[in-house]
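In the numbering used here, the protein residues as written are 248 to 648.
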Amino acid sequence: MGSICRRIFRFKYLDMNNINGLINSTLNSNKLFSKMANNDQEPAPVFVKKDEVHAFVVRCMVAVGAKKEHAVSLSDLLVSADYRGHFSHGLNRLAMYINDIKGGTTVGNKEPTIEKETVATAFVNGNNILGPVVGKFCIELAIKKAKDVGIGWVCAKGSNHFGIAGWYSIRAVEEGMVGMAYCNTSPLVVPCRARKPALGTNPISVAAPANNDDSFVLDMATSTVALGKIELAKRKETSMPNGWGVDKEGQESNDPGAVLDGGGQMPLGGSEICGGYKGYGLAMMVELFCGILSGSSFGPNIRKWNTVHQTEEANLGQCFVAINPAMFADGFTDRMSTLNDQMRDLQPIEGETEVLVPGDPERKHMQLCDSEGGIPYHPNQIKYATELAQSLSVEDLKTNQ
Numbered sequence: 248m249g250s251i252c253r254r255i256f257r258f259k260y261l262d263m264n265n266i267n268g269l270i271n272s273t274l275n276s277n278k279l280f281s282k283m284a285n286n287d288q289e290p291a292p293v294f295v296k297k298d299e300v301h302a303f304v305v306r307c308m309v310a311v312g313a314k315k316e317h318a319v320s321l322s323d324l325l326v327s328a329d330y331r332g333h334f335s336h337g338l339n340r341l342a343m344y345i346n347d348i349k350g351g352t353t354v355g356n357k358e359p360t361i362e363k364e365t366v367a368t369a370f371v372n373g374n375n376i377l378g379p380v381v382g383k384f385c386i387e388l389a390i391k392k393a394k395d396v397g398i399g400w401v402c403a404k405g406s407n408h409f410g411i412a413g414w415y416s417i418r419a420v421e422e423g424m425v426g427m428a429y430c431n432t433s434p435l436v437v438p439c440r441a442r443k444p445a446l447g448t449n450p451i452s453v454a455a456p457a458n459n460d461d462s463f464v465l466d467m468a469t470s471t472v473a474l475g476k477i478e479l480a481k482r483k484e485t486s487m488p489n490g491w492g493v494d495k496e497g498q499e500s501n502d503p504g505a506v507l508d509g510g511g512q513m514p515l516g517g518s519e520i521c522g523g524y525k526g527y528g529l530a531m532m533v534e535l536f537c538g539i540l541s542g543s544s545f546g547p548n549i550r551k552w553n554t555v556h557q558t559e560e561a562n563l564g565q566c567f568v569a570i571n572p573a574m575f576a577d578g579f580t581d582r583m584s585t586l587n588d589q590m591r592d593l594q595p596i597e598g599e600t601e602v603l604v605p606g607d608p609e610r611k612h613m614q615l616c617d618s619e620g621g622i623p624y625h626p627n628q629i630k631y632a633t634e635l636a637q638s639l640s641v642e643d644l645k646t647n648q
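This is how it looks when you write it as structure tokens:
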């Protein structure tokens, strides 16, 4: 397994955003080995125990003034992201949360409050605290309501970046519930027929329990690709596939520079003729659930994306849903397991070894981490953590080496 990880890091040297996809592809197929076999110059990954990553995040956040319990909630989410293979939203994002607290655009001394509530619904004010703290409060409230009356639907305003959406839907699954999580984000996506970005990548997560912890976990953006993939293409000076982005005139472009210089990302599906209007519609749906229902900022009114020198409050809208399957037909987990297995049992196309269902890639990455005794990080990520620790005068991140 260690050799697999070394090949992974050699192939995607700087692209922490995409390492998850490569890990999963490597575990599922041998076709990448030939591409990586002749590249022996880049370093092997550095493994760090989950508990150590968790403690490091807490140390850093407390050092800049976050409440200990808030720091723990944030750390739970960041470690889960890296453990599941979503490196773009794990330790890689720690500096953003630190800068938000230090700069005062996110506060560290308040708690979420409920402004309206019924037996099945709640409207929450996040009071501009860390997004994962708001999200945890909301999904736990939704779960409680679902246990009581079958469904819980909670919307929040005044929130911030909440990490991977799947972390919240999975919390519902752990309680035997179907979970959903949505969040609006800074405008990066250009709607079909438009010229300028007006919607975020607006993530969607839906998770459902199945037998033997074989949960269905969908966690996706409503854009075709992550921004990081476009940035990587520019660094490599390579063209992009169709459907990723548009230039400043709103025309589809294969030039990553044109997309990043006044253009924008395309909605899931790409161009209108290829179904991009569906991704556009899904992004609007997320705005309905998050921004419109909660009265938060929405669409082009949300602040622009900036992870370093942010000056505006985000005021993001978020939506969390829990559904109790016990209130419906008996045998839910049996049927969910059957559907999962029916998909996996399909004959794969030439060049592939298996058909996956949502949640499988993450399970494979977690198995890799467990077998190696920690989470695999690129050495540059460890260097960044060391520099961060020094800047905050906290104990450094301890690696397994």
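We put the beta carbon where it would ideally sit given N, CA and C, even for glycine.
Where residue i falls, given that 16 or more other Cβ within 10 Å makes a residue buried
| i | result |
| --- | --- |
| ALA632 | buried |
| MET308 | buried |
| GLN589 | exposed |
| GLY509 | exposed |
| ASN637 | The amino acid occupying residue 637 in the given sequence is Gln; Asn does not appear at that position. By the neighbour-count rule (16 or more Cβ atoms within 10 Å), GLN637 is not buried but exposed. |
| CYS616 | buried |
| PRO623 | buried |
| PHE575 | exposed |
| SER335 | buried |
| VAL366 | exposed |
| LEU593 | exposed |
| ASP581 | exposed |
| GLU597 | exposed |
| GLY621 | buried |
Range covered by the alpha helix (DSSP H) that runs through residue i
| i | result |
| --- | --- |
| SER618 | 607–619 |
| VAL326 | 315–330 |
| GLN565 | Careful: GLN565 lies outside any alpha helix (DSSP H), inside the beta strand (DSSP E) at 563–570. |
| CYS385 | 378–396 |
| VAL420 | 413–420 |
| ALA428 | Not the alpha helix (DSSP H): ALA428 falls in the beta strand (DSSP E), residues 425–430. |
| MET532 | 523–534 |
| ILE361 | Careful: ILE361 lies outside any alpha helix (DSSP H), inside the beta strand (DSSP E) at 360–364. |
Inter-residue CB distance, residue i and residue j (contact presumed, cutoff 8 Å)
| i | j | result |
| --- | --- | --- |
| GLY378 | TYR415 | Going by Cβ atoms, the distance from GLY378 to TYR415 rounds to 10 Å, so no, they are not a contact pair. |
| ASP461 | SER584 | 6 Å |
| ALA428 | ILE386 | 7 Å |
| THR646 | THR352 | So it is not a contact: roughly 32 Å between Cβ atoms. |
| ILE398 | ALA569 | 7 Å |
| GLY528 | PRO444 | About 17 Å; that fails the 8 Å criterion. |
| LEU342 | LEU635 | Here residue 342 turns out to be Ala, not Leu, going by the sequence shown. Contact holds; Cβ gap of about 6 Å. |
| GLY332 | PRO608 | 7 Å |
| ASN606 | PHE463 | Here residue 606 turns out to be Gly, not Asn, going by the sequence shown. The pair is a contact, with the Cβ atoms about 6 Å apart (cut-off 8 Å). |
Cα-Cα separation between residue i and residue j, rounded to whole angstroms
| i | j | result |
| --- | --- | --- |
| ALA454 | VAL380 | 20 Å |
| ARG306 | SER322 | 10 Å |
| TYR344 | VAL304 | 10 Å |
| LEU644 | LYS495 | 42 Å |
| HIS612 | TYR330 | 7 Å |
| ILE417 | GLN614 | 17 Å |
| GLU422 | GLY497 | 45 Å |
| PRO374 | LEU325 | Reading off the sequence, residue 374 comes out as Asn, not Pro. Taking the straight line from one Cα to the other gives about 21 Å. |
| ASN356 | ARG440 | 44 Å |
| GLU499 | LYS297 | 42 Å |
| LYS481 | ALA505 | 9 Å |
| LEU338 | MET513 | 27 Å |
| GLY523 | GLU299 | 42 Å |
| LYS483 | CYS430 | 31 Å |
| PHE545 | LEU465 | 23 Å |
| LYS525 | PRO595 | 26 Å |
| SER406 | VAL371 | 9 Å |
| ASN627 | GLY578 | 48 Å |
| PRO456 | LYS363 | 30 Å |
| LEU479 | ARG442 | 23 Å |
| VAL425 | SER640 | 42 Å |
| ASP347 | VAL295 | 26 Å |
| ARG591 | ARG610 | 14 Å |
| ILE270 | LYS630 | Interpretation of ILE270 is limited by its pLDDT of 35, a score under 50 that renders its predicted location unreliable; the figure taken from the coordinates is listed afterwards. Their backbone Cα atoms lie some 22 Å apart in a straight line. |
| ILE376 | PRO292 | 34 Å |
| LYS476 | ASP502 | 12 Å |
| ALA313 | GLU642 | 17 Å |
Extent of the continuous beta strand (DSSP E) to which residue i belongs
| i | result |
| --- | --- |
| VAL293 | 293–295 |
| VAL641 | Per DSSP, VAL641 belongs to no beta strand (DSSP E) and is neither H nor E. |
| ASP577 | From DSSP, ASP577 is part of no beta strand (DSSP E); its letter is neither H nor E. |
| GLU478 | From DSSP, GLU478 is part of no beta strand (DSSP E) but of the alpha helix (DSSP H) over 474–483. |
| ASP508 | Looking at the DSSP string, ASP508 is not in any beta strand (DSSP E), and its letter there is neither H nor E. |
| ASP461 | Neither: ASP461 is in no beta strand (DSSP E) and is coded neither H nor E. |
Contact test: residue i Cβ vs the ligand ATP heavy atom, cutoff 7 Å
| i | result |
| --- | --- |
| GLN594 | Among the ligands in the structure shown, none appear at all, so the ligand ATP cannot be discussed. |
Closer than 8 Å to chain D by CB, residue i
| i | result |
| --- | --- |
| PHE575 | Of the chains in the structure shown, none is chain D; there is only one protein chain. |
Decide yes or no for the touch test of the region 445–459 against the region 480–495: beta carbon pairs closer than 8 Å, at least 3 of them. no
With a cut-off of 8 Å, do at least 3 Cβ pairs link the region 388–407 to the region 312–326? no
Three or more beta-carbon pairs under 8 Å between the region 428–443 and the region 588–602, yes or no? no
At least 3 beta-carbon pairs within less than 8 Å: the region 525–539 vs the region 558–574: yes
Is it true that the region 395–407 meets the region 540–550, where meeting means three or more beta-carbon pairs spaced less than 8 Å apart? yes
Touching by the beta-carbon criterion (3+ pairs, under 8 Å), the region 463–478 and the region 514–521: yes
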